[in-house]
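Asks: Top line first, the protein sequences correspond to chains A and W. Just so you know, we're using this note's numbering here: the first sequence kicks off at 1 and counts up by one. Just so you know, we're using this note's numbering here: the second sequence kicks off at 1 and counts up by one. Beta carbons: idealized from backbone N, C-alpha and C, even for Gly. Given the structure is predicted, the values throughout are model-derived calculations rather than measurements.
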Amino acid sequence: MSASPRIVSGRPPRGRAIAPHPGPSGDVDASSDTIRIRTRGLTKRYGDLVAVDDLDLDVHAGEIYGLLGQNGAGKTTTILMLLGLTEPTSGAARVVGLDPARGPLEVKRRVGYMPDSVGFYGDLTGRQNVRYTARLNRIDRDEAEETIGSVLDQVGLSDRADDPVETYSRGMLQRLGIADALVKDPDVLILDEPTTAIDPLGVGEVLDLLRRLVDEREMAILLSSHLLNQVQSVCDRIGIFASGRLIGQGTMDELAARFGDGRPQLEVGLELADQPEWERAASLLGAVDGVVAVHPGPRPIDPWLVTVRDRDEVAAIRTAIMRVVAEAGLPLVSIRSVVPSLEDIYRRAIASPMPPRDARGRP
Amino acid sequence: MTAAGLRGTRRERSVPHSGWMVVAGKEFGDHLLSVRFVVLFIVLGLAAAIPLYFAASAIRAVASSVTDAQAVFIALFWLAPNVGAGGVSLPSVAGFLAYVAPLLGLAFAFDAINGERAEGTLPRLLSQPIHRDDVINGKFAAGLAVIGLVLVAVVGAIAAFGLIRLGIVPAAPEFLRLVLWVLVTFVYVSLWLAFGMLLSVVVRRAATSALVGFGAWLLFTFFGGLIVSLIGGAIAPVTGSAEQQLANNGLQETLRRLLPDTLYREASLTLLNPQVTSVSTPATIGGYEQAQQRIPSLLSLDQSFILVWPQVVALVALTVACFALAYVTFMRQEVRA
Chain A
1 MSASPRIVSG RPPRGRAIAP HPGPSGDVDA SSDTIRIRTR GLTKRYGDLV AVDDLDLDVH
61 AGEIYGLLGQ NGAGKTTTIL MLLGLTEPTS GAARVVGLDP ARGPLEVKRR VGYMPDSVGF
121 YGDLTGRQNV RYTARLNRID RDEAEETIGS VLDQVGLSDR ADDPVETYSR GMLQRLGIAD
181 ALVKDPDVLI LDEPTTAIDP LGVGEVLDLL RRLVDEREMA ILLSSHLLNQ VQSVCDRIGI
241 FASGRLIGQG TMDELAARFG DGRPQLEVGL ELADQPEWER AASLLGAVDG VVAVHPGPRP
301 IDPWLVTVRD RDEVAAIRTA IMRVVAEAGL PLVSIRSVVP SLEDIYRRAI ASPMPPRDAR
361 GRP
Chain W
1 MTAAGLRGTR RERSVPHSGW MVVAGKEFGD HLLSVRFVVL FIVLGLAAAI PLYFAASAIR
61 AVASSVTDAQ AVFIALFWLA PNVGAGGVSL PSVAGFLAYV APLLGLAFAF DAINGERAEG
121 TLPRLLSQPI HRDDVINGKF AAGLAVIGLV LVAVVGAIAA FGLIRLGIVP AAPEFLRLVL
181 WVLVTFVYVS LWLAFGMLLS VVVRRAATSA LVGFGAWLLF TFFGGLIVSL IGGAIAPVTG
241 SAEQQLANNG LQETLRRLLP DTLYREASLT LLNPQVTSVS TPATIGGYEQ AQQRIPSLLS
301 LDQSFILVWP QVVALVALTV ACFALAYVTF MRQEVRA
């Protein structure tokens with residue numbers, strides 16, 4: 001099942017239909033089988049500083065939700081409130097149906113958490129560190145050994161498990177952190193910056209592991225990161241945080257529709273020999289019905305971008321371009337529709353004006 | 001290996017809450033394997049062994065003339081031996097331990113909480129299904145266990161040495177005195193353990209809190225008496241008359257009792273030495289004369305204990321206060337530093 005090819009972007013919506021935005025006044029206790037994390041109006045103030053402002057968040061079983069935002073945007077504070085490690089100033093949160101502010105023990109029993117810059121006891125081995133966590137979760141000894149071996153294997157640390165942690169690299173510590181969060185067999189996994197120090201190949205493995213956990217175990221994963229590529233490649237839904245507020249959330253497509261410039265684009269790769277060919281191509285492409293604008297690449301070898309009038313016309317226009325270019329005898333190298341990168345979306349979202357508070361249904 | 005392998009049997013987790021025991025177990029193991037444990041054992045052993053050797057010689061030399069045969073064995077602990085021709089007076093075994101004991105408490109607590117913060121393990125630890133106070137309670141319990149272990153081991157070694165070298169078997173009252181003394185010493189070391197715990201909560205860096213603890217140890221144990229003399233001299237200056245001398249003494253004694261070190265020394269000496277019949281110097285000339293005329297006698301154990309009951313209670317109260325302060329501060333701290 002995990003052998004399915006990695007789709008880097010444009011992942012089709014997963015099995016369940018997910019509302020693009022939570023209802024403005026949804027009850028935090030409204031029953032739903034699939035909701036694992038739900039917050040309504042969650043707010044945390046430190047004196048005058050509003051760390052988290054009126055947060056409405058839903059994370060379902062079987063999805064990876066990415067929290068995106070700059071340092072100090074309120075991601076970690078949100079996570080701490082979800083675990084009952086800090087009390088919200090106002091608002092409510094439910095994690096696996098429980099209120100973390102009132103019953104943190106049961107929440108922490110069922111939620112695996114890996115903190116930002118996770119630390120371990122340096123003089124103990126990786127296995128001993130995870131064993132301590134297992135004991136704190138009161139997992140039966142024999143069963144614990146089996147589970148510990150299994151989670152260390154999953155994060156690829158089996159061969160170093162019995163070395164002291166002080167000999168580990170930062171990336172290995174993060175892997176151990178994920179193993180540590182998994183040892184309690186959680187229903188929800190909360191990962192704060194899980195892959196910042198892992199090497200690129202390792203990141204792929206870790207993200208695959210997360211995807212497997214979600215697909216096979218129906219786990220819900222909330223991860224915060226500032227690494228846009230990773231968030232884009234692994235998250236089903238994304239929430240963009242800025243100065244304590246969630247300024248946009250949804251799937252990549254939904255975010256693209258909201259924060260993209262709205263018009264779909266096609267990328268057309270042409271191998272053009274000289275200036276006359278270049279001009280011919282420009283006029284040909286511009287003449288195709290439904291094409292709004294043509295942007296040649298900055299260098300001759302770069303693909304051209306063609307802006308299309310409407311999303312429904314993309315397929316037809318692609319066929320039309322291929323025909324026109326072939327008839328004109330121009331060498332066509334590639335043609336594909338452009339998915340806006342999360343980076344573009346993120347930039348626009350951060351730059352866009354904050355939605356006024358009363359627009360969200362509350363004073 | 002697949003994630004499905006994890007699912008296995010869904011665990012029943014209805015075990016009653018005892019997170020502090022897990023924390024304490026781990027900390028206790030860490031302490032026993034730590035370098036500081038070995039170092040302290042050696043330091044404490046040396047601190048006891050040097051005066052012990054001389055005290056034993058002194059006792060053998062005067063064994064027949066020591067006031068009462070009943071209390072010879074325990075004299076091993078309180079006798080301050082004279083060494084060499086000049087008669088340099090060494091502190092007794094108990095006196096030496098009173099100097100070193102605070103270090104024992106500080107060493108196992110000064111980095112309890114801030115060490116976890118520095119290693120980045122605190123958020124992970126607190127996100128496990130335990131109460132927040134389990135962390136500090138468990139660490140305190142582990143510290144107490146280690147202290148108890150060290151004290152019993154050192155005192156046991158001293159007693160064994162005495163048995164072999166002096167050939168005197170302690171009588172039951174002596175043995176009880178010894179047990180009570182170990183308990184009071186345990187409380188005194190716990191006070192420093194609680195103080196170290198407080199430092200580890202309040203001070204962010206382990207090195208700084210070690211330094212502060214060390215400074216407090218020097219201040220209370222070595223300089224405390226000097227400062228008390230200074231204050232006493234300033235408030236009740238001595239110009240010649242006996243009344244003034246007595247007033248000065250009384251004031252100094254009161255001030256000195258503010259130091260935990262004094263409380264412990266008074267309790268310790270009185271419990272060990274049945275010849276000690278008073279912990280206070282007389283407040284009037286009459287009282288002074290009376291004390292001089294008193295026939296030397298031995299106090300029974302219960303009388304000795306009644307004499308130092310206030311000191312013992314004060315030590316327990318200070319320990320509780322220190323730990324309570326550490327506890328409350330820790331509970332109110334944010335998880336993130």
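Measuring straight from C-alpha to C-alpha, what distance separates A/GLY149 and W/LEU33?
Replies: Approximately 25 Å between the Cα atoms of the pair.
Asks: Residues of chain W with CB closer than 7 Å to the CB of A/TYR121, please, in chain order.
Replies: Chain W residues near A/TYR121: GLU119, THR121.
Asks: If I follow the unbroken alpha helix (DSSP H) through A/ASP344, where does it start and stop?
Replies: Start and end: 342–351.
Asks: Contact criterion: CB-CB distance below 8 Å. Does W/ILE130 meet it with respect to chain A?
Replies: Yes, because at least one Cβ of chain A sits closer than 8 Å to the Cβ of W/ILE130.
Asks: Just to confirm before moving on: does the CB-CB distance between A/LEU207 and A/GLN230 stay below 8 Å?
Replies: Cβ atoms of A/LEU207 and A/GLN230: closer than 8 Å.
Asks: Let me check understanding here. Comparing Cα to Cα, which of W/ALA107, W/VAL154, W/ALA145, W/ALA242 lies closest to W/GLU289?
Replies: Closest by alpha carbon: W/ALA242.
Asks: Looking at the C-beta of A/GLY23, does it have a partner C-beta in chain W at a distance below 8 Å?
Replies: Low local confidence applies: a pLDDT of 45 at A/GLY23 is under 50, so the model's placement there is unreliable, with the coordinate-based value given in what follows. So no, A/GLY23 is outside the interface.
Asks: Check whether the Cβ of W/GLY250 lies closer than 8 Å to any Cβ atom in chain A.
Replies: Not closer than 8 Å to any Cβ of chain A, the Cβ of W/GLY250 fails to qualify, so no.
Asks: For the putative contact between A/GLY62 and A/VAL214, defined by C-beta atoms under 8 Å, what is the C-beta separation to the nearest angstrom?
Replies: The Cβ separation is near 6 Å, so the contact holds.
Asks: Counting only beta-carbon atoms, is W/GLU253 nearer than 8 Å to chain C?
Replies: Among the chains of the structure shown, chain C does not appear; the protein chains present are A and W.
Asks: Under 8 Å, Cβ to Cβ, is there at least one residue of chain W near A/TYR132?
Replies: Answer yes: the Cβ-Cβ gap between A/TYR132 and chain W drops below 8 Å somewhere.
Asks: For A/ARG348, collect the residues of the same chain with a Cβ closer than 6 Å to its Cβ; drop the 5 residues on either side in sequence, then sort them by chain order.
Replies: The residues are PHE259.
Asks: Using only the alpha-carbon positions, how far apart do A/ARG318 and A/ILE178 sit?
Replies: Looking at the two C-alpha atoms, the distance is approximately 44 Å.
Asks: To the nearest angstrom, report how far apart A/LEU191 and W/THR319 are at their CA atoms.
Replies: So the two alpha carbons sit approximately 40 Å from each other.
Asks: Taking only beta-carbon positions, decide if W/SER127 is within less than 8 Å of chain A.
Replies: Closer than 8 Å: yes.
Asks: For the putative contact between W/ALA234 and W/LEU251, defined by C-beta atoms under 8 Å, what is the C-beta separation to the nearest angstrom?
Replies: Actually they do not touch by this definition, with Cβ atoms about 10 Å apart.
Asks: Which residue spans inside the stretch 210–242 of chain A form an unbroken beta strand (DSSP E) run of at least 3?
Replies: Fully enclosed beta strand (DSSP E) runs of 3 or longer: 220–225, 237–242.
Asks: State the Cα-Cα distance for the pair W/ALA317 and W/ARG257, rounded to the nearest angstrom.
Replies: Straight-line Cα distance between these residues: approximately 14 Å.
Asks: Verify the CB distance criterion: does A/LYS108 have a CB-CB separation below 8 Å to chain W?
Replies: Closer than 8 Å: yes.
Asks: Quick check: the Cα distance between W/SER209 and A/ILE79, rounded to an integer number of angstroms?
Replies: Cα to Cα, the separation comes out at about 30 Å.
Asks: Could you list which residues in chain W have their beta carbon closer than 8 Å to that of A/ASP180, in chain order?
Replies: Correct list: ARG124.
Asks: Please list, in chain order, all residues of the same chain as A/ILE350 whose beta carbon is under 6 Å from its beta carbon, the five residues on each side excluded.
Replies: Excluding positions up to five away in sequence, the list reads ALA242.
Asks: Compare the C-beta of W/GLY138 against all C-beta atoms of chain A and say whether one is closer than 8 Å.
Replies: No, because no Cβ of chain A sits closer than 8 Å to the Cβ of W/GLY138.
Asks: Quick check on the DSSP output: the beta strand (DSSP E) that includes A/TYR65 runs from which residue to which?
Replies: Counting along the chain, the beta strand (DSSP E) containing A/TYR65 begins and ends at 64–69.
Asks: Measure from the C-beta of A/SER117 to each C-beta in chain W and report whether the shortest distance is under 8 Å.
Replies: Closer than 8 Å: yes.
Asks: Please report the distance separating the alpha-carbon of A/HIS21 from that of A/GLY103.
Replies: In this prediction, A/HIS21 scores a pLDDT of 42, lower than 50, which makes its location untrustworthy; the coordinate-derived value is nonetheless stated afterwards. Going from the Cα of A/HIS21 to the Cα of A/GLY103 covers about 28 Å.
Asks: What does the Cβ neighbour count give for A/THR167, buried or exposed, with the cut at 16 atoms within 10 Å?
Replies: By the 10 Å Cβ count, A/THR167 comes out exposed.
Asks: Give the secondary structure of W/ALA80 by DSSP, where H, G and I count as helix, E and B as strand, and everything else as coil.
Replies: It is coil, neither helix nor strand.
Asks: How many whole angstroms separate the CB atoms of A/LEU272 and A/TRP278, which I take to be in contact at a CB cut-off of 8 Å?
Replies: Confirmed, about 5 Å.
Asks: Closer than 8 Å by C-beta to W/THR284: which residues in its own chain qualify, once you throw out the five before and the five after it? Chain order, please.
Replies: LEU246.
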